[in-house]
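In order, the protein sequence lines correspond to chains G and H. Each residue of the first sequence is one higher than the one before, starting from 1 at the first, in this note's numbering. Each residue of the second sequence is one higher than the one before, starting from 1 at the first, in this note's numbering. Glycine is no exception: its CB is placed at the ideal position from the N, C-alpha and C atoms.
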Amino acid sequence: MNKFINLLKKEIKEMITLQIVISLLFTTGLFYFIGVIAKSEIEKVAAERDVYIVDLDGSQESGLLTDNLSLAGFKVNLLEERDKSSAIEYANANNIDLLIVIPEGFGEAASQFQFKDIETYTYIRSFSISSSAGTALVEGVIGEINRYLSNNFLKEKFPDIEPENLKNPIKSRDFVIVKGKMAAGSAAEVSSFVYSQSIFVPIILMMIILYSSQMVLSAIALEKQDKTLETLLTVPISRNYIVIAKMVASGLVGLISAGVYMLGFRYYMGSLMGNIPSDGQAGELIQQLGLQFKPNDFILLGISLFLAILCALGLAIILGVLVEDLKSAQTMILPLIFLVMIPYFISMFSDINSLSLPVRVLIMLIPFSHPFIASQNILLGNYDIVFYGIIYMLVVFVVLIVIAGRIFSTDRVLTVKLSFGRKRLAKDY
Amino acid sequence: MDEIILRVENLKKNYGKREALKGISFEVKKGEIFALIGPNGAGKTTTLRIVATLLSFSGGRVEVMGLDLKKEPKRIREEITYLPEEAGAYKNLTGMDYLKFMARFYAADKHEFDEYVERAVEIVGFKDRLKDKVGTYSKGMVRKLLLARALMTKPRLAILDEPTSGLDVINSLEIREIIRSFVQEGTSVLLSSHNMLEIDFLSDRVAIIDKGEILEIGEPEILKQEYSAQNLEEVFRRLVQ
Ligand SMILES: Nc1ncnc2c1ncn2[C@@H]1O[C@H](COP(=O)(O)OP(=O)(O)OP(=O)(O)O)[C@@H](O)[C@H]1O
Ligand SMILES: [Mg+2]
Numbered sequence: 001m002n003k004f005i006n007l008l009k010k011e012i013k014e015m016i017t018l019q020i021v022i023s024l025l026f027t028t029g030l031f032y033f034i035g036v037i038a039k040s041e042i043e044k045v046a047a048e049r050d051v052y053i054v055d056l057d058g059s060q061e062s063g064l065l066t067d068n069l070s071l072a073g074f075k076v077n078l079l080e081e082r083d084k085s086s087a088i089e090y091a092n093a094n095n096i097d098l099l100i101v102i103p104e105g106f107g108e109a110a111s112q113f114q115f116k117d118i119e120t121y122t123y124i125r126s127f128s129i130s131s132s133a134g135t136a137l138v139e140g141v142i143g144e145i146n147r148y149l150s151n152n153f154l155k156e157k158f159p160d161i162e163p164e165n166l167k168n169p170i171k172s173r174d175f176v177i178v179k180g181k182m183a184a185g186s187a188a189e190v191s192s193f194v195y196s197q198s199i200f201v202p203i204i205l206m207m208i209i210l211y212s213s214q215m216v217l218s219a220i221a222l223e224k225q226d227k228t229l230e231t232l233l234t235v236p237i238s239r240n241y242i243v244i245a246k247m248v249a250s251g252l253v254g255l256i257s258a259g260v261y262m263l264g265f266r267y268y269m270g271s272l273m274g275n276i277p278s279d280g281q282a283g284e285l286i287q288q289l290g291l292q293f294k295p296n297d298f299i300l301l302g303i304s305l306f307l308a309i310l311c312a313l314g315l316a317i318i319l320g321v322l323v324e325d326l327k328s329a330q331t332m333i334l335p336l337i338f339l340v341m342i343p344y345f346i347s348m349f350s351d352i353n354s355l356s357l358p359v360r361v362l363i364m365l366i367p368f369s370h371p372f373i374a375s376q377n378i379l380l381g382n383y384d385i386v387f388y389g390i391i392y393m394l395v396v397f398v399v400l401i402v403i404a405g406r407i408f409s410t411d412r413v414l415t416v417k418l419s420f421g422r423k424r425l426a427k428d429y
Numbered sequence: 001m002d003e004i005i006l007r008v009e010n011l012k013k014n015y016g017k018r019e020a021l022k023g024i025s026f027e028v029k030k031g032e033i034f035a036l037i038g039p040n041g042a043g044k045t046t047t048l049r050i051v052a053t054l055l056s057f058s059g060g061r062v063e064v065m066g067l068d069l070k071k072e073p074k075r076i077r078e079e080i081t082y083l084p085e086e087a088g089a090y091k092n093l094t095g096m097d098y099l100k101f102m103a104r105f106y107a108a109d110k111h112e113f114d115e116y117v118e119r120a121v122e123i124v125g126f127k128d129r130l131k132d133k134v135g136t137y138s139k140g141m142v143r144k145l146l147l148a149r150a151l152m153t154k155p156r157l158a159i160l161d162e163p164t165s166g167l168d169v170i171n172s173l174e175i176r177e178i179i180r181s182f183v184q185e186g187t188s189v190l191l192s193s194h195n196m197l198e199i200d201f202l203s204d205r206v207a208i209i210d211k212g213e214i215l216e217i218g219e220p221e222i223l224k225q226e227y228s229a230q231n232l233e234e235v236f237r238r239l240v241q
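Written as structure tokens, this is what we have:
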């Protein structure tokens, strides 16, 4: 046991190099930085409801209309300019983003229920998130004007009826049913809540898997590149310990890296999506539907995640035997990345159950798919598929570890060479 | 009576179809320095790697201290150390960390551990640089560090593959002296070299090997007399003619 800890310490010391720490901090910092910028842009968009209006009509109707815009929450600024071109010039000179021109005769036409077009001028001064928000602002303003005018019109024609009732005579009452439980609410509400609660699971999972397997693969590649493996293999310690120490160290370092990475990433996502309401109405709805993890569910999910990580590490160890240096290790990690990305994207953007049977079987054969689909299936009460997934991953892991142990206990770990590795070497000289 | 530490009998090794060792036999006695000498590709590294429990072999028998190498590689690893031909140390560890890391695998208790590390420090000879990372060492320093780790535990058999390869004259000399002085303490050495002159004064007995076969075994002085040669290089030339 002492020898094992000795080995483990060395693995960790070798893994946590300055470059790794720097690149990790750099990525985290970068995400944080992007998050800060995105957040300030989004806040700018939310704050900018400034509207500049040139009222060329100057009638009572146009006055009421601008008043109504203020009531609806827009910050209305009336320009003194008396003609269109000087107003445009003025807006240009004063960095005004949105100019609205109410044409002459607007009020008179409106009183006869004939409407004249309102012109809007949006200035694009840069291309960023906030510049595209200009359109939304225009639509908001025009929508508000239309609502105001049509309500007036309806009120005049049908004074006894509430205009909103006339426009939307039927309202719906929405219910959702999940696992036979029913509650009042919309499907969109439920799925966006569940999605927002579980969006981080696949991202974290993917990062831990990729980080750890990258670690274990480079750990073996480095032993070969720095010519330390031969010495290590003659040391009186079980070969299995060597394999396990590498896996444990990689798992630990991968876990920590992913954690640090997530801090930055969370900030980034949080700033993009705003603060997710975790309680309130949606929360109550979720509770009624039983769409919550029970303590046992967390354990199940944890086991599923853990086994997926073990499978990745086992696979990475075997891939590591095939590589000769760090350069080829980077190529060798690609198939693993691919295997993780497929279920990741499918779980993000599609529903596995909606795929055709052969595709579904193929995806289920990838051990990493199971934790990605586990959280959904647990929520929906499909425990069978989660259990089978766990058993399948366990089997895969045992097979991988037996193979890895076999390779390490023979001389193959020293003699196996990938043909492409040798070809490239030959070309280098 | 001389105790036999290593016995190699009719050892054969194939890499695919290529025969690297065609049935070689030799013995290493207790406290002796035994050298395999021969040209590039003769099969020296292959032999040493087999004895170091790294490579499997296709035929014959290897015994270390009476233990069958095929059956008890784990036990044998406790009694041997191996210095590979091209070896490095973990670059991110300091020299001291590396020695301690290795000592922990062999030491039975704290006292032994301290003793090993102390001896290693004595062997390397650059105590002040031991707190620096191995990544900052020169080739000669790394080689000495690795040699120190191979000899610090006083193994029954130290297997040294070209211990002076890639080193300058002074470093080679130092390494040879280290090997000479530490073997007096009861360690047997199996080493290889293609530098036949260096072997001449380093080893007690030599085996001349070429193309996977041992051509001659004996003490350098006696071999030179037998072939009436000035040095081992000439002996080798006579043998392959
Ligand atoms: N991994 C391997 N795969 C295939 N053939 C190999 C391998 N290792 C060695 N050989 C072959 O076995 C033979 C003996 O090689 P070996 O490395 O034992 O020679 P050596 O005496 O140590 O030479 P050198 O002085 O160059 O180190 C050579 O013909 C070599 O090409
Ligand atoms: Mg060699």
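Query                                                                                                                     : Result
Distance, residue 146 of chain H Cα to residue 194 of chain H Cα                                                          : 20 Å
Cβ of residue 14 of chain G within 8 Å of any chain H Cβ                                                                  : yes
Rounded separation between residue 65 of chain H and residue 189 of chain H - CA only                                     : 13 Å
Residue 85 of chain H: CB within 7 Å of a non-hydrogen atom of ligand 2                                                   : yes
For residue 160 of chain H: DSSP bridge partner residues                                                                  : H:83, H:191
Min CB distance residue 327 of chain G to chain H below 8 Å                                                               : no
Within the region 163-221 of chain G, ranges of the alpha helix (DSSP H) (whole runs, at least 4 residues)                : 163-167, 187-198
Residues bridged to residue 19 of chain H (per DSSP)                                                                      : H:14
Simplified DSSP state of residue 54 of chain G, which is helix, strand or coil                                            : strand
Chain G contact residues for residue 89 of chain H, given Cβ-Cβ distances below 7 Å                                       : 228
Rounded straight-line distance, which links the Cα of residue 377 of chain G to that of residue 349 of chain G            : 16 Å
Residue-chain proximity (residue 101 of chain H, chain G), Cβ-Cβ < 8 Å                                                    : yes
Closer than 6 Å to ligand 1: residues, by C-beta to nearest heavy atom, in chain order                                    : G:415, H:15, H:18, H:20, H:38, H:40, H:41, H:42, H:43, H:44, H:45, H:46, H:85, H:194
Check whether residue 21 of chain H and residue 46 of chain H have beta carbons under 8 Å apart                           : yes
Heavy atom of ligand 2 within 7 Å of residue 72 of chain H beta-carbon                                                    : no
Closer than 7 Å: residue 162 of chain H CB and nearest ligand 2 heavy atom                                                : yes
Which listed residue (G:85, G:111, G:98, G:92) has its alpha carbon closest to that of residue 65 of chain G              : G:111
Short CB-CB distance (under 8 Å) between residue 411 of chain G and chain H                                               : yes
C-beta atoms of residue 32 of chain H and residue 204 of chain H nearer than 8 Å                                          : yes
CA-to-CA distance, residue 393 of chain G to residue 372 of chain G, given in whole angstroms                             : 13 Å
Assumed close pair residue 244 of chain H, residue 236 of chain H - CB separation to whole angstroms, cut-off 8 Å         : Nothing about residue 244 of chain H can be reported from this structure: the residues present for chain H run from 1 to 241 only.
Cβ-Cβ distance between residue 54 of chain G and residue 69 of chain G below 8 Å                                          : no
Where residue 416 of chain G falls: helix, strand or coil (DSSP)                                                          : coil
Residue nearest to residue 248 of chain G in terms of C-alpha spacing, selected from G:325, G:219, G:345, G:201           : G:219
C-beta atoms of residue 223 of chain H and residue 159 of chain H nearer than 8 Å                                         : no
Closest by C-alpha distance to residue 98 of chain G, when choosing among G:138, G:283, G:358                             : G:138
Short-range partners of chain H found in the region 15-28 of chain G, where Cβ spacing is below 7 Å                       : 17
Residue 68 of chain H beta carbon less than 8 Å from that of residue 30 of chain H                                        : no
Of the listed residues G:5, G:267, G:243, nearest to residue 38 of chain G (C-alpha basis)                                : G:267
In chain order, each beta strand (DSSP E) run of at least 3 residues that lies wholly inside the region 42-115 of chain H : 59-64, 80-83
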